[in-house]
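Chain order of the listed sequences is F and W.
The first sequence lines up with residues 1 to 489 when you count with our numbering.
The second sequence lines up with residues 490 to 609 when you count with our numbering.
All C-beta atoms in this analysis are idealised placements derived from N, C-alpha and C, irrespective of residue type, glycine included.
Only one structure is covered here, and it is reproduced in the block below.
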Amino acid sequence: MVNPVLLIAVPLGLAFAIPLFALFWKNAAKYIPPVALGFNLVVSLLLLPKVLENPLIVSIGGWQPPFCINLVAGPIGVFFSAIIALVGLLVSIYALDYIREGSTEKYHMLYLLLLTGATGVVLTGDIFNLFVFFEILCISSYSLVAYLGEKASIESAVKYLIQGAVGSSLLLIGIGLLYGLFGTLNMADIAEKIDSASPISLFVPMVLLITGLGVEAAIFPLNAWLPDAHSSAPSSISAILSGIAIEVGLYAVARIIFTIFGASNILLFLALLGILALLIGELCAFSQDNIKRMLAYSSIGQLGLILFALGIATSYGVTGGLFQLVSHTLSKSVLFLAAGYIIYQTGSSKISALEGMGKKMPLTCLAFTIGAFSIVGLPPFVGFPSKFLIVRAALATKETYFIVLIGLALLCTVIEGAYFFRVVQVLYFKGGESHSESKEAPFTALIPMLIFVVLIVVVGVYPKLITGVLNSAASELLNRLDYIRNVLG
Amino acid sequence: MMSFLADYIYYIGAFGLILVGLYIILVKHNLIKVIIGLGILDTGVNLFLISVGYITKGTAPIFSRAEIESEQMVDPVPQALVLTAIVIGIAVLALALSLAIRLYQHYGTLNLRKIREQRW
């Protein structure tokens, strides 16, 4: 039996060992993140079948819950840690060659810390522990956004940092209020006692927690930092921020709403916010001429769609939301990775500068195209079953407002299609007969992109591969009584 | 009135600091002032956490000293939280200040209203 603590301890220890290794051999720094994340992937996949039957509760320090800090390795936690490790592993392979400038060992250390924080957030069962892991994630992403040290990246890192720090403070106030009310920090224990408090006294901590986490989860209107930060970070970091960081924030919001508060009255509001974010994100993305900014706005839209699906709060809806989360992670990561090398070759991130790149970098552009088609939701890519599930869930509620909102969401998909197809058209069908020889991305970049593409197609053709896990993950989120019973025994 | 003040003085102080910090962050244009605002906000949050677990005239919970009654011990959990929160706050402030230095090198100003290259 593998202990889930290793999922956090090993990458954390290795992250701090990176500067030491780099003292002796500078190149060691870039090989450590793939090793650590490969280890995490193997451990998560080993744990997954076991936790599907029975969630693993790990108490740290020899005390029993609720007195200890505990990890809850349920289906959702282990599945997310597997996704984080998988995407992290592929992106760290991509970064082997992509990250050349600056003090690379610091990049690799912060990168591993970011993913450790993300893994910790999805595994922890203690709300203050969640805050600490969240801060690890946030602080490392602030500094990674600023990694290039250019004008734009410093400016967006400053914006991101100020908004993120205010959000974390609000989160901490909310945690303090909850501790004052219930005298415990264990999420299951709070969830058990939550009914004993008056709804009025719960409202303030809930708003503070959702707002605080919402900054990182980029819930509209708290997402002003996102387009700047995602577009001016190095492309590998944009992929992680778009594919992992905001998803983890959204997971935390879902955990707070579903498990801790069991609040059903706020869900419609969140669904509405989600659709608003979808509309605004897609409209802004449509008017961008910078490819990375376009992708970043598209992330805002996709996150809105996920929030909408979680807001439906039926078993179908949450499964669809989690599926959309996975599909966004896979597709947006490959889009950013491909865009990274396309920008590297053209030297410009303007969409008009990409003319004819489809002939010069056929494989990279193919990966980009498949990612784009998957985000739009064309079959047979992974975006199709996930969007389909969300539409089915919304229709199955038979509530007028959900049906109106999903209609709006489908309209947004059309806009999405319009701007993604425009880019694909520029890649392949514009530009004269430039006979310059092909300048394909290096193998360390092509292999991760290829694996992403294979995953997108395989899961898209055969969604049953993950729907079983997603179903149990959704029921873990929705059945708070089971969660409480599992943790407190 | 006075007894209300005496009972809740720490909470009033904590939320006063939080509001001052938020006001500075929202209103001030100078990045250094905004960072000072973040510091004040952090202090307010920490004071709030401490006052959640505080008992009037309480002392530290040291079990090996028999003369301390258990009713006089303050709750140690919030203090542990605050220790962690202080460390995190320091890290964020240090990062913010180092970014401020770089921002000044690039733009020659710390006025956030003048630094607007990226917009929606």
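Can you check which of these residues, 283(F), 395(F), 387(F) and 56(F), is closest to residue 325(F) by C-alpha distance? Closest option to residue 325(F), Cα to Cα, is 387(F).
Residues in the same chain with beta-carbon distance under 8 Å from residue 522(W), minus the five sequence neighbours each way, listed in chain order, please. Within its own chain, the residues whose Cβ lies closer than 8 Å to the Cβ of residue 522(W), once the five positions on either side in sequence are excluded, are 513, listed in chain order.
Using the Cα positions of residue 138(F) and residue 82(F), report the straight-line distance between them to the nearest angstrom. Approximately 20 Å between the Cα atoms of the pair.
With distances taken from CA atoms, which of 69(F), 289(F) and 464(F) is nearest residue 5(F)? Taking residue 5(F) as reference, the option from 69(F), 289(F) and 464(F) with the minimal CA-CA separation is 69(F).
Do residue 120(F) and residue 72(F) count as a contact pair if the criterion is CB distance below 8 Å? Using a Cβ distance threshold of 8 Å, residue 72(F) and residue 120(F) do not count as a contacting pair.
Residues that residue 595(W) contacts on chain F, provided the C-beta gap is smaller than 7 Å: Correct list: 151 and 154.
If residue 226(F) and residue 308(F) are in contact, beta carbons under 8 Å, what's the gap, nearest whole angstrom? Contact between residue 226(F) and residue 308(F) does not hold, since their C-beta atoms are separated by about 17 Å, which reaches or exceeds 8 Å.
Can you grab the Cα-Cα spacing for the pair residue 291(F) / residue 142(F), in whole Å? The alpha-carbon atoms of residue 291(F) and residue 142(F) are separated by roughly 22 Å.
Would you tell me roughly how many angstroms separate the C-alpha atoms of residue 495(W) and residue 505(W), rounded to the nearest one? Cα to Cα, the separation comes out at about 15 Å.
Closest by C-alpha distance to residue 222(F), when choosing among 191(F), 280(F) and 232(F): Comparing Cα positions, the closest option is 280(F).
For a test of the three-state rule: what should DSSP assign to residue 361(F), helix, strand or coil? Look at residue 361(F) here: in three-state DSSP terms it is coil, with no helix or strand label.
What does residue 584(W) touch in chain F if you count any residue whose Cβ is under 7 Å from its own? Within 7 Å Cβ-Cβ: 139, 142, 143 and 161.
Residue 159(F) versus residue 167(F): straight-line alpha-carbon distance, rounded: For residue 159(F) and residue 167(F), the distance between alpha carbons rounds to 12 Å.
Per DSSP, cross-strand counterpart(s) of residue 58(F): Beta-bridge pairing links residue 58(F) to 71(F).
With a floor of 4 residues, list each alpha helix (DSSP H) that falls wholly inside the stretch 217 to 272 of chain F, ordered by position along the chain. Every alpha helix (DSSP H) of 4 residues or more that sits fully in the stretch 217 to 272 of chain F is shown, in chain order, as 226 to 232, 235 to 240 and 246 to 254.
Assuming contact is defined by CB atoms lying nearer than 8 Å, are residue 220(F) and residue 477(F) in contact in what I supplied? For the pair residue 220(F) and residue 477(F), the CB atoms are not nearer than the 8 Å cut-off.
Taking a cut of 7 Å between CB atoms, which residues from the stretch 157 to 181 of chain F lie near chain W? Of all residues in the stretch 157 to 181 of chain F, 157, 158, 161, 162, 165, 166, 169, 172, 173, 176, 179 and 180 have a Cβ within less than 7 Å of some Cβ in chain W.
Using Cβ-Cβ distances below 7 Å, what residues of the stretch 112 to 131 of chain F are close to chain W? From the stretch 112 to 131 of chain F, only 128 have a Cβ closer than 7 Å to chain W.
Chain-ordered neighbours of residue 146(F) on chain W, where CB pairs are closer than 8 Å: Residues of chain W passing the Cβ test: 588 and 591.
Check whether the stretch 103 to 121 of chain F and the stretch 195 to 206 of chain F are in contact - that is, three or more C-beta pairs closer than 8 Å. Contact between the stretch 103 to 121 of chain F and the stretch 195 to 206 of chain F is absent, because fewer than three Cβ pairs lie under 8 Å.
Candidates 21(F), 379(F), 252(F) and 88(F): closest to residue 333(F) by CA position: Cα-wise, what sits closest to residue 333(F) is 88(F).
For a contact meaning CB atoms closer than 7 Å, what does residue 135(F) contact in chain W? Neighbours of residue 135(F) on chain W, chain order: 577.
At a cut of 8 Å, does the stretch 406 to 417 of chain F reach the stretch 372 to 380 of chain F through at least three beta carbon pairs? Segments in contact, yes.
Given that a residue counts as buried once 16 or more other Cβ atoms are within 10 Å of its Cβ, and exposed if not, what is residue 244(F)? Residue 244(F) should be labelled buried.
Contact under 8 Å by Cβ, residue 96(F) with residue 444(F): Yes.
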